[in-house]
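Asker: Just so you know, the sequence shown maps onto residues -18 to 212 in the working numbering.
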Amino acid sequence: MSQQQKTLEEQEEELIRQETAIKMQSEEIAKQQKMMEELRKTLADQQIKLDNIIGVRGELIEDLKEEFNKSSMNIKVDEQTGAITFDSSILYEYSKDELRDTGKDFLGDFIPRYLRILMGSRYRQYVAEIIIEGHTDDAGTYIYNLDLSQRRALSVAEYILDEKNRVLDKQQIESLEDILTVTGKSFSNPIYKANGDIDQDASRRVEFLFRLKDEEMIQEMMDILSEEMER
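Structure follows, in structure tokens:
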């Protein structure tokens, strides 16, 4: 075999290798493009679901505001989260967890109205959890206030879930038990005055919060997909 012929064969082999490499690169690019399209579609689908949930949350908050902001119950509805906050002095004596008679009357008025919205036909399918959260001021140790805040939140749950107190009927109690959780936060989330000092009175409070189904999961999924898109 002449040198010229050998060189020609080597060039042909190199050409084949290059063509194979180009083909593999093209296939990989096509594969990545397909994956990107699938990611975009998934992201768009999740965005639609998230927008729907955000829309539901917004409507729910508006309904809560309409129900309570004009009432005489001194209840605050958070514009962003829909959390309901009221002064713990309505329910308890200072540093106590036993409900006052005025607190029982308050819950007897508040709870049916609150649940009529959250567990009514419009929103029940979206509500994953209702949370009763106890908060304290920063007087005393963290553990003492953690125990107090938990006992206070629990006392609310015990009262409204006891059928003999006639706050809710048996069916309502059973439905609420499926989604109700109770927690105490001690003084980990205080309320501050404009000057930066802790507002002791405002920090002593009970909050009712809700969580919508799939809300956190969809947001986390969208964050992951967005990171994949940026790579």
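Glycine included, each C-beta is placed from N, C-alpha and C at the ideal position. Note that the structure is a prediction, hence the values are computed from the model and not measured.
1. For residue 190, write down the residues that DSSP places opposite it in a beta bridge.
2. Write down the C-beta distance between residue 103 and residue 48 rounded to the nearest angstrom, noting that I regard them as a contact closer than 8 angstroms.
3. Just checking my contact of residue 151 with residue 158 at CB under 8 angstroms: how many whole Å lie between their CB atoms?
4. Let me know the alpha helix (DSSP H) ranges lying completely inside the region 61 to 102, each 4 residues or longer, listed in chain order.
5. Terminal residues of the continuous beta strand (DSSP E) containing residue 161?
6. To which residues does DSSP link residue 173 through a beta bridge?
7. Can you give me the C-alpha to C-alpha distance between residue 100 and residue 88, rounded to a whole angstrom?
8. Ordered along the chain, which non-local residues of its own chain (more than five positions away) have a Cβ less than 6 angstroms from that of residue 172?
9. Here's the rule: buried if 16 or more other CB atoms are within 10 angstroms of the residue's CB, otherwise exposed. What is residue 114?
10. With which residues is residue 145 paired in a DSSP beta bridge?
11. Just confirm the distance between the C-beta atoms of residue 117 and residue 129, as a whole number of angstroms; I'd bet it's less than 8 angstroms.
12. In its own chain, which residues sit with a C-beta less than 8 angstroms from the C-beta of residue 74, not counting the 5 before and 5 after it?
13. Could you tell me the distance, in whole angstroms, from the CA atom of residue 35 to the CA atom of residue 5?
14. Kindly indicate which residue of 186, 176 and 123 has the alpha-carbon position closest to the one of residue 167.
15. So which of 174, -12 and 79 has the shortest CA-CA distance to residue 140?
16. Rounded to whole angstroms, what is the Cα-Cα separation between residue 58 and residue 64?
17. How should residue 188 be labelled, buried or exposed, when 16 other C-beta atoms within 10 angstroms of its C-beta is the threshold for buried?
Answerer: Let me lay it out:
1. For residue 190, which the question treats as bridged, DSSP gives the partners 112.
2. No, residue 103 and residue 48 are not in contact; Cβ-Cβ is about 13 angstroms, not under 8 angstroms.
3. Incorrect: roughly 11 angstroms between the Cβ atoms, too far for contact.
4. The region 61 to 102 is shown to contain whole alpha helix (DSSP H) runs of 4 or more residues at 82 to 99, in chain order.
5. Boundaries of the beta strand (DSSP E) around residue 161: 161 to 165.
6. DSSP output for residue 173 lists 179 as bridge partner(s).
7. Straight-line spacing of the CA atoms in residue 100 and residue 88 works out to 17 angstroms.
8. The residues are 180, 183 and 184.
9. A buried status is given to residue 114, since no fewer than 16 other beta-carbon atoms sit within 10 Å of its beta-carbon.
10. In the DSSP assignment, residue 145 is bridged to no other residue.
11. Between residue 117 and residue 129, the beta carbon gap of about 6 angstroms places them in contact (Cβ cut-off 8 angstroms).
12. Correct list, in chain order: 81.
13. Within the model, the alpha-carbon separation for residue 35 versus residue 5 is close to 44 angstroms.
14. Among 186, 176 and 123, the Cα nearest to that of residue 167 is on 123.
15. Nearest neighbour of residue 140 by Cα position, chosen from 174, -12 and 79, turns out to be 79.
16. Looking at the two C-alpha atoms, the distance is approximately 6 angstroms.
17. Buried, since its Cβ has 16 or more Cβ neighbours within 10 Å.
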